[in-house]
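A.B. asks: Could you have a look at this structure, given as structure tokens, before my questions?
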Amino acid sequence: MAGGRGAALALLALLAVGVARAVKEQRDRRPQRPAGFPVPLYPAGKLLSQAAFYQRAVSPPSEAGQVAVGLDADEILHVDLGARRAVWRLPAFATLATFEAREALRDLAGLRKAMEMLMATSNRTSARNVPPEVRVFPEDPVELGEPNVLICFADKFSPPALNVTWLKNGHEVVDGVTETISYPRQDHTFRKFSYLPFVPTRGDSYDCRVEHWGLPEALLKH
């Protein structure tokens, strides 16, 4: 995804609040749970939500989507759209509930159709792109030779598709990199984290490169 050069024509985000119908608690299966792990998976007073988005650009042509289930502000799972399966945030969650990815994929297909209708009725009006605020910081105080983790935090951006790349001394790094999905915020923007394990060494430099439709070009944060 290029920076602001790939302007989105439209964006439709769906947030289904309440009980995500694809998630079914398995009350007949009660394995020994880890200390502090909630049973049931969504206790009273907590808000379970299923959120999906679909976005499309025409110059250059691209599309992106996401389906995720969360409890309050925390992710429970998201759907790997390529593999068409649920990816649980913690493996223990899979012992407490099941998730029908097919239903979530049908929801996403519905968003795609709604997008086409919206584009037709709105004369292909572009969505407003909100650029991310980006910070890079270590998980622990940095000491030479001591393993640590760099965190790249992108916040308050929309639409939700955003690419993060790590660079070490100007060269792309992929080994060990992990990232979250784009989490929805209450103001209808999004946030995302990317993690890079590293060992601080004198002379090495690290950058987080962020690409988003709201940016005129890729943003580098050191």
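Letter by letter, the sequence shown follows residues 7 to 228 of my numbering. Heads up, the beta-carbon is just placed ideally off N, CA and C, and yes, glycines get one too.
Excluding five sequence neighbours on each side, which residues of the same chain lie with their C-beta closer than 8 Å to the C-beta of Glu-139?
C.D. replies: Ala-160, Asp-161, Lys-162, Phe-163
A.B. asks: Could you give the distance in angstroms between the alpha-carbon of Glu-149 and the alpha-carbon of Met-121?
C.D. replies: C-alpha separation (whole angstroms): 50 Å.
A.B. asks: Just the Cα atoms here: how many angstroms apart are Val-183 and Asn-154?
C.D. replies: 13 Å
A.B. asks: Measure the CB-CB distance between Glu-185 and Phe-199 and report whether it falls below 8 Å.
C.D. replies: yes
A.B. asks: Can you tell me whether His-84 is buried or exposed, with buried defined as 16 or more other CB within 10 angstroms of its CB?
C.D. replies: buried
A.B. asks: At a cut of 8 Å, does the region 188-197 reach the region 69-87 through at least three beta carbon pairs?
C.D. replies: Yes: the two stretches touch, three or more of their Cβ pairs being nearer than 8 Å.
A.B. asks: Is it buried or exposed, Ala-98, if we count other Cβ atoms within 10 angstroms and call 16 or more buried?
C.D. replies: exposed
A.B. asks: DSSP three-state label for Gly-76, please.
C.D. replies: strand
A.B. asks: Taking 6 Å as the limit between beta carbons, can you name the residues of its chain near Arg-1, skipping five residues before and five after?
C.D. replies: Here the chain covers residues 7 to 228 and nothing more, so residue 1 does not appear.
A.B. asks: Quick check: the Cα distance between Arg-112 and Glu-217, rounded to an integer number of angstroms?
C.D. replies: 29 Å
A.B. asks: Put Thr-171 into one of helix, strand or coil per three-state DSSP.
C.D. replies: strand
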